[in-house]
Amino acid sequence: MGYTLVEKIIAKKVGHEVKPGDIVTVPVDWCMIDDIMVPFAVQKFEEMGFDKVYDPEKVVLIYDHFLPATQTDDSRHFRVGDEFAEKYGLKHVHRTDGICHQLMTEAGYVKPGDIAFGTDSHTVTYGCVGAFSTGIGYTEMAGILGTGQLWIKVPETIKIEIDGTLPGNVTSKDIILRIIGDLTASGATYNSLEFTGSTVDAMSVASRMTISNMSVEAGAKCGLFAPDDKTCDYCKIPYDDEIKDLHGDDNASYAKILRYRAEDFVPVCACPSLVDNIKPVSELKGTKVDQVFLGSCTNGRLEDLRTAATILKGKHIAPYVKMIVTPASRKIYRAALADGTLEILSDAGAIITTPGCGLCCGRGGGILSDGEVVVATNNRNFLGRMGTSKVQIYLASPATAAATAIAGEITEA
Amino acid sequence: MFSAKIWKLGDDIDTDIILPTEYLAFETVQEMKPYAFSPLRPDLASKIQPGDMIVAGNNFGCGSSREQAPEVVKALGVSCIVAKSYARIFFRNAINNGLLLIEQPDLFDEVSEGDIAEVTPGKEIKVNGKSYDIASLPDNLTEILEAGGLVKAMRKRNGLD
Amino acid sequence: MAMTMAEKIIAAAAGKESCKAGDIETVTVDKMMSNDGTTHLTIDMYNNLKNPHIADVSKLVWIIDHNIPADSPKTAASHKKMREFAKENGITFYEGEGVCHQIMMENHVRPGELIFGADSHTCAYGALGAFGTGVGCTDYLYSIVTGTSWLLVPETIRFNLHGSLKPGVYARDLILTIIGKISANGANYKAMEFAGEGLHDLSIADRIAICNLCVEAGAKTALMEVDDVAMDYLKEHGREPKAIFKSDDDAEFSEVYDIDLSEIEPIVAKPHFVDNIAPAKDCSDVKIDEAFLGSCNNGRIEDLRVGAAVIKGKHVHPKVRFFVVPASRAVYKQALKEGLLDIFMEAGAMVMNPNCSVCWGACQGVIGEGETLISTGTRNFKGRAGHKDSFVYLASAATVAASAVAGYITVAEDL
Amino acid sequence: MGKVFKFHKDVDTDQIIASQYLLFPTIDEMKVHTFESLNSEFASQVKPGDFVVADENFGCGSSREQAPSVLKALGVKAVIAKSFARIFYRNSINIGMPVIVSKELYDVVKDGDDMELDLLSGKILANGKEYSCTKLPAKMQEILDQGGLIASLNK
């Protein structure tokens, strides 16, 4: 009997075989705390009565939701974080470098096989490198900071196999949106999603990140890709036997297997106001938009900006429409400066902001008002997420977003 | 056993509905309270009385990991939530804050807002003369709930209480 | 009759041969700029008029620059109102293209024009020899409906500039020194006119920085003679003057100052007033939490070059948030081409989209209780950049960049 | 008869109404934040008919008309200062709110004093004593008389 990828990762950490439903206590390789949650986690940590952090090397504080700050109380969160880091000797504080989920792999923290927890639901992103990672509340985070461990229920796995070649205007965003639509917003609750197949093998790590990132929108505990040579390049580690063993076995026991042909995918949107309300872009044609947002931990990477730039090159966004571009990290911003991507986007009329969570977290970066429509590349279109509850949010790929910005209405690339 | 007045919500009540991002960074839960459920039902927070319960459909608490969501519900005095299913992070966060969550597949479809329920944790809920079975929680969660939440459990571990 | 430059522009706008300080004249306004700080209120008032109409829509320029991208649903609603009104009425409209005054300088302002802006820093247009003045939304509304307004002809304070600034000293140090000298209401109701051979060494960017800040001395407008530097700028931007005026040699000035530019030193304006100046060197005990390079005062390419030269190869202090905000899209793109944006990003600064940003204290980079900001913005009023109990120091681009690296206020040469 | 609310020299427009409130849709939503940084109780304590009395250069800074507008919306009957910044002065007249220059009043009244103002005669009665204030220029008096600048457009 074989093992799924999540079972292998957990078993390796706890030192014995595990099966779905087991409740096990795992050691934690990485703790990520974002700026919103820092004061709460610190308060709980202190209430719990700990006097030291289990391993200051393993804790990463990242300020991203409140950059740039829009409210006078925002910088209190930075101050509390800085003081906590100083008091307990934390080594890793990112004050202005970009979105937490981008930095956790980009800056070299999370590697294949690691177990990571973060105070944000999109912590599932690190599944893109074959790490088990998931979002938790600040009280549990405080517990981990003190003990270095957390209990988890070993999840069942849903395997998703995708084979073949994607149509030119389809990106990994369209894939994960379609899958969420098929599974529904709660269809993978408590499950691990494991993505395999030739389409997945051909994807960049960045594209996989988009899929892992949105796994939580189907309720999943994690969204995993087996690490390969591309993963190892990205993580700057050797592609050795140990890494090669990190994959779901053919004879593992899966709760469900979904099989897709890449050729069957089309550009889609998640329509207001649920992530599983999926429709083909072609059916939405003619929907007027007021704003387009390209960014977030889902789709703010260099390849996303490049995809948009390819479509926007030599063109201009529609009159009275705004396109806001928020690169996911400082590194990405600089790379997009260097290769001319930002210049193309700026020439096309995009408003390019500093790296951070931006509009996706709803505290700035392009908030909308009643009756306005936004096409956005981020991960949630919940009611009121980007302004009032009368804002219509459509989630889409960077390609669809760029084509829509030019047309001023929802359009296929 | 306790009895509670029912407030009814639908499927997929996400964390941005339970507490929008705008209010997440308020220093205290007390300041957040008036904004609970505001995108969906702006007046709900002011109507909920201590001891009332929330009944909802599938996937309650989906979305972000913001623990402010269960904290604010608890701060409103909600005695328990009964839903068809829960999103997992919300579930953990609620238990860690000592907020009782009950999974029940049928009750949602058969009760109305304003009905009074009689809840016997780990056993049954009675509404309008009908009884609904409920399961008990796994041991490790019962321990946390019984300790009054994770903070208290950790304080005990650290020899403080 | 001998006239000042201000009198000549007003006389021309009033269709008269001459006018003198103290007269009240009815003038035709050449251009009317309004931004998202007040336009939503103007529109409400407009819609309540008995017979709403716009005298000449081609004279209107509307710019969303203060809270862009929007920070709240309320802001977004006000923007929407403005955008829709501009669209329906065919008003020249910019959104997210940069700070209003920079956009006006790049695209609209012509020497000899009389321009109303629903923003106090409209006096910046004097750098191109135009009479720009800030008005409230009622005045603005009256002028768009009638095409005219009334103006009290101001007296003029003349500043004759001599020599040139020392290396490491900038136009901003000069104007802060002048405001310190004449005080925050030293030019109330008056025009501040700059002339003399010292002017010729100053770039348009320098001139805008000087004129822009004159309202901080209470001035109604600021004016500079139009010379080759100004004409070259106009030509580069494809525009012709409306008229070129200069004060007559025997014009009457209420005061005349002779200023030796070589005596100016790096200056900061300390909280909470623009005239509360001190030598930058004397402020090294002030720790900072945030630094800001940008604004209609100091966010031009020349200013970014100064900042980038200071910070190149160094790193922003880990506890400092350094925002770099080009004043317009044109400035952003030029800075991108010259590699300046990368210098800032490499050094740990945050490059923002062109807008009013930190200077305005309501949308981006808001500072918290007890925090200190060093800024190239226009104002250091109490609470200007965020929490009411916070502190803003104004300084040149060089001093701001150097302080961002040091973590406390310092001049670039001491870095 | 109204109460005196006293403010210091160089009160700038950001103190009267801070930037973060200016884009609120209406003056009524803004007015509760009037003078927030200087006296957070002001908006709740001021009553229609009360007066703001200040030292030199009142209203300096930005051209935001929201500054006189929130004072007017709270019912402030007039602002009496030793001097005013010019845009604030003009904006006040334009919206029909009296702004009166008095060089002596600031030094003789305290916060909370009762005072009366007769705009037509230019007389102020405070603490049983009479003070005279500078009359408005004719052009401005004319605007004020007709109820502000907009009223002239609706004639």
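Protein chains in written order, with our numbering: chain Y, 340 to 752; chain D, 236 to 396; chain L, 475 to 889; chain B, -17 to 137.
Virtual Cβ for every residue (Gly too), placed ideally from N, Cα, C.
DSSP state of residue i mapped onto helix, strand, coil
{"i": "Asp888 (chain L)", "result": "helix"}
{"i": "Ala388 (chain D)", "result": "helix"}
{"i": "Gln731 (chain Y)", "result": "strand"}
{"i": "Cys837 (chain L)", "result": "coil"}
{"i": "Phe747 (chain L)", "result": "coil"}
{"i": "His431 (chain Y)", "result": "strand"}
{"i": "His636 (chain L)", "result": "strand"}
{"i": "Thr462 (chain Y)", "result": "helix"}
{"i": "Asp732 (chain L)", "result": "strand"}
{"i": "Tyr882 (chain L)", "result": "strand"}
{"i": "Phe471 (chain Y)", "result": "strand"}
{"i": "Glu98 (chain B)", "result": "strand"}
{"i": "Arg600 (chain Y)", "result": "strand"}
{"i": "Leu254 (chain D)", "result": "coil"}
Beta-carbon proximity check, residue i vs residue j, cutoff 7 Å
{"i": "Ile741 (chain L)", "j": "Asp647 (chain L)", "result": "yes"}
{"i": "Ser531 (chain Y)", "j": "Thr464 (chain Y)", "result": "no"}
{"i": "Ser19 (chain B)", "j": "Gly813 (chain L)", "result": "no"}
{"i": "Ile747 (chain L)", "j": "Phe797 (chain L)", "result": "With the sequence shown as reference, residue 747 (chain L) is identified as Phe, and Ile is not the correct amino acid for it. No, they are not a contact pair."}
{"i": "Pro611 (chain Y)", "j": "Ile732 (chain Y)", "result": "yes"}
{"i": "Leu684 (chain Y)", "j": "Val664 (chain Y)", "result": "yes"}
{"i": "Phe417 (chain Y)", "j": "Tyr427 (chain Y)", "result": "no"}
{"i": "Gly851 (chain L)", "j": "Ser769 (chain L)", "result": "yes"}
{"i": "Leu334 (chain D)", "j": "Pro305 (chain D)", "result": "yes"}
{"i": "Thr739 (chain Y)", "j": "Val620 (chain Y)", "result": "yes"}
{"i": "Leu585 (chain Y)", "j": "Gly452 (chain Y)", "result": "yes"}
{"i": "Asp588 (chain Y)", "j": "Gly437 (chain Y)", "result": "no"}
{"i": "Gly558 (chain Y)", "j": "Ala527 (chain Y)", "result": "yes"}
{"i": "Ser708 (chain Y)", "j": "Lys555 (chain L)", "result": "no"}
{"i": "Val58 (chain B)", "j": "Val81 (chain B)", "result": "no"}
{"i": "Gly487 (chain Y)", "j": "Tyr393 (chain Y)", "result": "yes"}
{"i": "Lys664 (chain L)", "j": "Pro628 (chain L)", "result": "yes"}
Closest by C-alpha distance to residue i, when choosing among the options
{"i": "Val539 (chain Y)", "options": "Y:Thr716, Y:Glu500, Y:Tyr573", "result": "Y:Glu500"}
{"i": "Met819 (chain L)", "options": "Y:Tyr659, Y:Leu684, Y:Thr739, Y:Ala677", "result": "Y:Ala677"}
{"i": "Cys439 (chain Y)", "options": "Y:Ile372, Y:Pro494, Y:Cys561, Y:Glu422", "result": "Y:Ile372"}
{"i": "Gly360 (chain Y)", "options": "Y:Met542, Y:Gly469, Y:Ile349, Y:Gly704", "result": "Y:Ile349"}
{"i": "Ala260 (chain D)", "options": "Y:Glu748, Y:Leu707, Y:Ser736, Y:Arg702", "result": "Y:Arg702"}
{"i": "Thr462 (chain Y)", "options": "Y:Leu734, Y:Asn616, Y:Met553, Y:Ala408", "result": "Y:Met553"}
{"i": "Ala476 (chain L)", "options": "L:Thr630, L:Ala544, L:Val700", "result": "L:Thr630"}
{"i": "Gly586 (chain L)", "options": "L:Ala752, L:Ser864, L:Ala486, L:Glu845", "result": "L:Ala486"}
{"i": "Ser472 (chain Y)", "options": "Y:Gly482, Y:Ile491, Y:Thr411", "result": "Y:Ile491"}
{"i": "Ile738 (chain L)", "options": "L:Val866, L:Ala752, L:Glu580", "result": "L:Ala752"}
{"i": "Ile684 (chain L)", "options": "L:Ser728, L:Asp701, L:Phe633, L:Glu671", "result": "L:Phe633"}
{"i": "Thr884 (chain L)", "options": "L:Cys833, L:Val784, L:Leu625", "result": "L:Val784"}
{"i": "Ser55 (chain B)", "options": "B:Met12, B:Arg72, B:Val90", "result": "Note that residue 55 (chain B) corresponds to Ala in the displayed sequence, not to Ser. Comparing Cα positions, the closest option is B:Met12."}
Practice prompt. Could I get the ranges of all uninterrupted alpha helix (DSSP H) runs contained in the stretch 2 to 33 of chain B, with 4 residues as the minimum, in chain order?
Written response: Counting whole runs of 4 or more residues, the stretch 2 to 33 of chain B contains the alpha helix (DSSP H) stretches 9 to 13, 24 to 27.
Fill in: Inside the stretch 555 to 593 of chain L only - alpha helix (DSSP H) runs reaching at least 4 residues
List check, alpha helix (DSSP H) in window: 574 to 581.
Worksheet entry | Residues of the stretch 310 to 329 of chain D whose Cβ lies closer than 7 Å to any Cβ of chain Y, in chain order | Look at the stretch 310 to 329 of chain D: the residues with a C-beta under 7 Å from a C-beta of chain Y are Ser320, Ala322, Arg323, Ile324, Arg327, Asn328.
Discussion item. Which runs of the beta strand (DSSP E) at least 3 residues long sit entirely within the stretch 800 to 849 of chain L? Give them in chain order.
Written reply: The stretch 800 to 849 of chain L contains these whole beta strand (DSSP E) runs: 846 to 849.
Worksheet item: What residues in the stretch 531 to 551 of chain Y have a beta carbon less than 9 Å from any beta carbon of chain D?
Response: Hits within the stretch: zero.
Worksheet item: Curious, which full-length alpha helix (DSSP H) runs of at least 4 residues does the stretch 502 to 552 of chain L contain?
Response: Runs found: 513 to 521.
Worksheet item: Name the residues in the stretch -3 to 11 of chain B whose C-beta lies less than 9 Å from a C-beta of chain L; which are they?
Response: Residues Gln(-3), Ala0, Ser1, Gln2, Tyr3, Leu4, Leu5, Phe6, Pro7, Thr8, Ile9, Glu11.
Practice prompt. Scan the stretch 841 to 870 of chain L for residues whose Cβ lies nearer than 7 Å to a Cβ of chain B and list them as they occur along the chain.
Written response: Per Cβ criterion, the list reads Arg853, Phe855, Lys856, Gly857, Arg858, Lys862.
Worksheet item: Which full runs of the beta strand (DSSP E) of 3+ residues lie inside the stretch 526 to 598 of chain Y, going along the chain?
Response: Fully contained in the stretch 526 to 598 of chain Y are the following beta strand (DSSP E) runs of length 3 or more, in chain order: 531 to 535, 561 to 564.
Fill in: Short-range partners of chain L found in the stretch 31 to 51 of chain B, where Cβ spacing is below 8 Å
Listed in chain order, the positions of the stretch 31 to 51 of chain B with a beta carbon within less than 8 Å of a beta carbon of chain L are Glu38, Asn39, Cys42, Gly43, Ser44, Ser45, Arg46, Glu47, Gln48, Pro50, Ser51.
Worksheet item: Listed in chain order, which residues of the stretch 275 to 299 of chain D have Cβ atoms closer than 7 Å to some Cβ of chain Y?
Response: Leu275, Asn293, Asn294, Cys297, Gly298, Ser299: these are the residues of the stretch 275 to 299 of chain D whose beta carbon lies less than 7 Å from some beta carbon of chain Y, given in chain order.
Fill in: Selection of the stretch 720 to 746 of chain Y by Cβ proximity to chain L, strictly under 7 Å
Those residues of the stretch 720 to 746 of chain Y that come within reach of chain L (Cβ to Cβ, closer than 7 Å) are Gly726, Thr727.
Fill in: Complete beta strand (DSSP E) runs within the stretch 374 to 403 of chain Y (minimum length 3 residues, chain order)
Whole beta strand (DSSP E) segments, 3+ residues: 398 to 401.
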